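J.: For the record, the sequence lines run as chains A and B.
Here the first sequence is numbered in our numbering, starting from 1 and rising by one per residue.
Here the second sequence is numbered in our numbering, starting from 1 and rising by one per residue.
So that we are looking at the same thing, I have put the structure below in structure tokens.
There are 2 protein chains.
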Amino acid sequence: MLSETKKDPLYIQLYNHFRQEIEQCRLQQGEKLPSIRGLSNSLSISKITVEKAYQQLLSEGYIQSFNRSRYSVNKFEGNIIPIKTKHTLIKSDSSSKREEEVIYDFSSGEMDMDGFDFALWKRYISKVFSNKGRLMRYGNSQGEEELRTEIAKYIHKSRGVHVHKDQIIVGAGIQTLLHTLCSMLKLEYNSIAFEEPGFKNGRRIFTDHSFEIMPTKMSKDGIDMEELSKNEARLVYVSPSHQFPTGYIMPIGKRHRLLQWAQDVKGIIIEDDYDSEFRYFGRPIPALKGLDASGNVVYLGSFSKIIPPSIRISYMVLPDTLMEVYQKSASLYNQAASTAEQLALAKFMADGHLERQIRRLRKLYADKRLIFFDAIKNILGKNVEVNVSEAGLHTILAVKTGLTAKELVERALVKGCRIAPVRDYYINKSTEKLPQIILYFSKIPSNEIARAVKLLKEAWF
Amino acid sequence: MLSETKKDPLYIQLYNHFRQEIEQCRLQQGEKLPSIRGLSNSLSISKITVEKAYQQLLSEGYIQSFNRSRYSVNKFEGNIIPIKTKHTLIKSDSSSKREEEVIYDFSSGEMDMDGFDFALWKRYISKVFSNKGRLMRYGNSQGEEELRTEIAKYIHKSRGVHVHKDQIIVGAGIQTLLHTLCSMLKLEYNSIAFEEPGFKNGRRIFTDHSFEIMPTKMSKDGIDMEELSKNEARLVYVSPSHQFPTGYIMPIGKRHRLLQWAQDVKGIIIEDDYDSEFRYFGRPIPALKGLDASGNVVYLGSFSKIIPPSIRISYMVLPDTLMEVYQKSASLYNQAASTAEQLALAKFMADGHLERQIRRLRKLYADKRLIFFDAIKNILGKNVEVNVSEAGLHTILAVKTGLTAKELVERALVKGCRIAPVRDYYINKSTEKLPQIILYFSKIPSNEIARAVKLLKEAWF
């Protein structure tokens, strides 16, 4: 039975043998195992080998000490079930199967392949490894201090938001931050107004935390104040600088009305400033948070449009009242973002590379945007209505065919183009006059945009 | 007013001027702004500069188009509040202030400073950057496929858990995984039994998701089945291989009873296998999940004890029924772990480095553990009762003084030693006969353990 040539050491082979004997009830409960000396002699193996095997069986509870030198099979309630774990193979889902067939992905705001200098980033990551002490530990639960310092400078300069580094919490993507935020908001709120249509992956976290979601329609100047006032929510999730997916900008008067509303209902505005960097005329619209004199605004920022989203770093600015709640339990939350990436990003920002990176992308996307709208005009022409937004990385297309949104998506996919319908972002999916499609241009190579739009034409018309 | 030498471009200076005039009501609502041509002439600046300033004011909603070439101040409801955001500086909390005074940290299972080869890791991270395409994207929401493949092999070989890669979900720390898990479990369960004392950062996430926590006392053979059966929970969170903080191991008979319980109540066992690699005699106790023939066990694994915890990667194995629930909404969750670190770890594992790393740490900690228990015996002697565990990175010390746990912690801190009392891990903090302290030895350098334990003696006796 035992063999020196088998892969497992002898004591493991012996342990496995007895374990099977017990599990399959060939060794009865209460029955004594052979003595260590006896077994050692009869198998011509060392006593230590037998002892180690018995010790393992003892630790796992298969046997118990009978007297000083003998062991017996433990008594169990009921039988030990012989184990043959089997698992149904999960069918790989059809969408990932189709992945390989996708040539052009219009459904995602991921970055242009030439949009980031990985050689430079690699240098910053490499530098971090010289500081072993920082990387051996769990990180600061609120985020590394150097990074929070740089974020504070950045949002002051570029977004008009003036806060102290200790008011900033770093996370690994907006969703990890929303989990923390939800757990705090839940103490006082149980429903939240959401832009309709709006950011569904954000909404999802509030659903997960059992908030009642109140879809509130979008007007051209942002969330509809009348509807907001009518429903009972005292929380609202908005993206005033550039709403997703409509692209609407909330003007200053509306911003003040919204702030006034928050003061009146003792509520909280959650401002998601996800792609504010990309405005192609004039300078970016300042953040609503910059007007927040009374501490009613939670500000959410993300790097995922300006550095590759595989580097998972985002941040949140809390008003003082919520910060106090957070600090009481901060030690119970572990930071989810990689320490190495946080430290590398902090240095990258301190050296001015993030600003350079934004300028570079703004130029790249400004050019690409022109090519994109030209292609739509020249190739799709009067078959579509297009919303020519002056900001962001996407537009909305209303397609004049008899096809439904679902059919448009499927036909585009057959041609190798992935697109997302606007209706996916609605909670109440009412029928649209014309099916609307979100088209991101950020990821499509500039010199292939015309070809990609032609594929859409072939698919639809 | 305008100056070429100021830092801001002229159009921004002009924009700021009008914005202030409007906010401070020196320009009345409805009032017309100077014509572009007129202002350009009177200030001797280009028309384009004026146009850009007006365009910005228009985008932000301060002004509206009056006729083709003139603009007027927008009408707002109520006044525009002049903004002077001020923020109370959050007081930096006292515990972080004390950080610098800590010489020896017995409160954390962080890694020995020599426990990881960062030069090697850096090579693996660097290699990843050659695959730009993978890093430009949002990662696979379930975790990178290569990593899930390696995790499946690893837990099969080392933990006796046989699953397919598609049953594994990667996360950035156990807490991000628990958030996802909670949102699924909530559909069917509203209370959960927790080991008492137990892993408080895990418990916290269930509290955040409004689960009722049912503390269930620990027996020497794991969670008390009688108490578990009496309370109404059908969910239980356990760490059978090496419970934290008690260090107890759940024997095979008890494991089967627990599995039987889960089948009977149609419940779920959440198995947290956080430091199973470190057993210094014999081989690691196989995971409970390996016995789960009926799909009642969720398995949680972490790398944070075997590679530095600043690399935030953990994983979860779901039974088929939960996996189906997960897959329906997987696209709504973004992966939180860094793609670069996931890919580097996958290759690191494939090349056998993780196994080497575990062997290396096991040797390092086995030696350190002996030095540690020797020091406690020789230096603290009969003043303490010590639980000499054969696994893990910590022990529990009962300290025989008149001091409370709180006093023990404070006095140790004065001497530069951070320790954590066991009572922190209880929900119901009943009075202990003797105050109990958790001491981790993993982080204290071997040649300073004696010195560190002497400091504890000086602090307490």
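The beta carbon of each residue, even a glycine, is placed where N, CA and C say it ideally should be.
Since this is a predicted model, take the numbers as computed values, not measurements.
Could you give the residue range of the beta strand (DSSP E) that holds A:Leu397?
T.: That run of the beta strand (DSSP E) goes 394-399.
J.: In the segment 190-207 of chain A, which residues sit with their C-beta less than 7 Å from some C-beta in chain B, listed in chain order?
T.: Correct list: Lys200, Asn201, Arg204.
J.: Taking the CB atoms as reference points, tell me whether A:Gly442 and A:Asp367 lie closer together than 9 Å.
T.: With the sequence shown as reference, residue 442 of chain A is identified as Ser, and Gly is not the correct amino acid for it. Contact: no.
J.: I'd like to know whether the C-beta of A:Met349 is nearer than 9 Å to at least one C-beta of chain B.
T.: Not one chain B Cβ lies under 9 Å of A:Met349.
J.: Return the residues of the segment 163-174 of chain A that lie within a Cβ-Cβ distance of less than 7 Å from chain B, sorted by chain order.
T.: Correct list: Val163, His164, Asp166, Gln167, Ala172, Gly173.
J.: State buried or exposed for B:Gly109, treating a residue as buried only when at least 16 other CB atoms are found within 10 Å of its CB.
T.: B:Gly109 comes out buried.
J.: Check each residue of the segment 255-288 of chain B: if its Cβ is closer than 9 Å to any Cβ of chain A, include it; give the result in chain order.
T.: Listed by position, the residues of the segment 255-288 of chain B near chain A (Cβ gap below 9 Å) are Arg255, His256, Arg257, Leu259, Gln260, Arg279, Phe281, Gly282, Arg283, Ile285, Pro286.
J.: Beta-carbon within less than 7 Å of B:Leu39's beta-carbon, same chain only, minus the 5 sequence neighbours each way: which residues are those?
T.: Excluding residues within five positions, the ones whose Cβ falls inside 7 Å are Val50.
J.: For A:Val297, which residues in the same chain have their Cβ closer than 7 Å to its Cβ, ignoring the five residues on either side in sequence?
T.: Correct list, in chain order: Ile269, Glu271, Leu288, Lys289, Pro319.
J.: For the segment 160-176 of chain A and the segment 210-218 of chain A, state whether three or more C-beta atom pairs, one from each stretch, are separated by less than 8 Å.
T.: Flag = no, the segment 160-176 of chain A and the segment 210-218 of chain A do not touch.
J.: Leaving out five residues before and five after B:Gly467 in sequence, what residues of the same chain have Cβ atoms less than 7 Å from its Cβ?
T.: Lying outside 1 to 461, the shown extent of chain B, residue 467 of chain B is not represented and no answer is given.
J.: Tell me whether A:Cys182 sits in a helix, a strand or coil according to DSSP, three-state version.
T.: Residue state, collapsed to three classes: helix.
J.: B:Ala405 versus chain A: which residues are under 7 Å apart at the beta carbon?
T.: Within chain A, no residue comes near B:Ala405; the closest Cβ sits about 17 Å away, beyond 7 Å.
J.: What does B:Asn67 pair with, by DSSP beta-bridge criteria?
T.: B:Asn67 is bridged to B:Arg70.
J.: Leaving out five residues on either side along the sequence, give the residues of the same chain with a beta carbon under 8 Å from the beta carbon of A:Lys328.
T.: Result list for A:Lys328: empty, nothing under 8 Å.
J.: Please decide whether B:Pro309 counts as near chain A, where near means a Cβ-Cβ distance under 9 Å.
T.: Yes, its Cβ sits closer than 9 Å to a Cβ of chain A.
J.: Per the DSSP calculation, A:Asp272 is bridged to which residue(s)?
T.: Looking at the DSSP assignment, A:Asp272 forms a beta bridge with A:Leu300.
J.: Using a C-beta to C-beta distance shorter than 9 Å, which residues of chain B count as neighbours of A:Lys467?
T.: What the structure shows of chain A is the stretch from 1 to 461, and residue 467 of chain A is not part of that stretch, so it cannot be assessed.
J.: Listing by chain order, which chain B residues have their CB less than 7 Å from the CB of A:Asn334?
T.: Neighbours of A:Asn334 on chain B, chain order: Gly173, Gln175, Asn201.
J.: Name the two residues that bound the continuous beta strand (DSSP E) containing A:Ile444.
T.: Premise fails: A:Ile444 is in no beta strand (DSSP E) and is neither H nor E.
J.: Quick check: the segment 333-346 of chain B against the segment 351-363 of chain A, are there 3 or more CB pairs under 8 Å?
T.: With the cut-off at 8 Å, the segment 333-346 of chain B and the segment 351-363 of chain A do not touch.
J.: What residue does the alpha helix (DSSP H) around A:Met225 start on, and which one ends it?
T.: 225-230 is the extent of the alpha helix (DSSP H) around A:Met225.
J.: Is there a Cβ from chain A that is less than 9 Å from the Cβ of B:Leu354?
T.: Chain A contact via Cβ: absent.
J.: Does the pairing of the segment 145-163 of chain B with the segment 113-126 of chain B give three or more beta-carbon distances under 8 Å?
T.: They do not touch, by the three-pair rule.
J.: Can you check whether the C-beta of B:Ser430 is within less than 9 Å of a C-beta belonging to chain A?
T.: Closer than 9 Å: no.
J.: On the CB-based measure, 16 or more other CB atoms within 10 Å of its CB, does A:Lys97 come out buried or exposed?
T.: Here A:Lys97 scores only 44 on pLDDT, less than 50, and its place in the model should not be relied on; the value that follows carries that caveat. By the neighbour-count rule (16 or more Cβ atoms within 10 Å), A:Lys97 is not buried but exposed.
J.: Between the segment 117-131 of chain A and chain B, which residues of the former have CB atoms less than 7 Å from a CB of the latter, in chain order?
T.: Of all residues in the segment 117-131 of chain A, Phe118, Lys122, Ile125, Ser126, Phe129 have a Cβ within less than 7 Å of some Cβ in chain B.
J.: From B:Lys6 to B:Leu57, what does the alpha carbon distance come to, in whole angstroms?
T.: When rounded, the distance between both Cα atoms is 20 Å.
J.: Short check: CB of B:Met323 to CB of B:Ile151, under 9 Å?
T.: No, the Cβ-Cβ distance between B:Met323 and B:Ile151 is not below 9 Å.
J.: Any beta carbon of chain B sitting closer than 9 Å to that of A:Glu60?
T.: Cβ-Cβ to chain B under 9 Å: yes for A:Glu60.
J.: Residues of the segment 230-246 of chain B with a CB closer than 7 Å to any CB of chain A: list them in chain order, please.
T.: So nothing in the stretch comes that close.
J.: Give the straight-line distance between the Cα atoms of A:Asp374 and A:Cys417, rounded to the nearest whole angstrom.
T.: Spanning the two alpha carbons is a distance of roughly 19 Å.
J.: Any Cβ of chain A within less than 9 Å of the Cβ of B:Glu341?
T.: Interface residue, yes.
J.: Return yes when the Cβ of B:Gly30 is within less than 9 Å of the Cβ of B:Ser72, no when it is not.
T.: Taking 9 Å as the Cβ cut-off, B:Ser72 and B:Gly30 qualify as a contacting pair.
J.: What does a CB cutoff of less than 8 Å around B:Tyr426 pick up in its chain, not counting 5 residues either side in sequence?
T.: Once the five neighbours on either side are set aside, the close Cβ partners of B:Tyr426 are Glu196, Pro197, Pro215.
J.: Pick out whichever of B:Asp8, B:Leu228, B:Phe116, B:Glu448 has its Cα sitting closest to the Cα of B:Arg257.
T.: The residue with the shortest Cα to Cα distance from B:Arg257 is B:Leu228.
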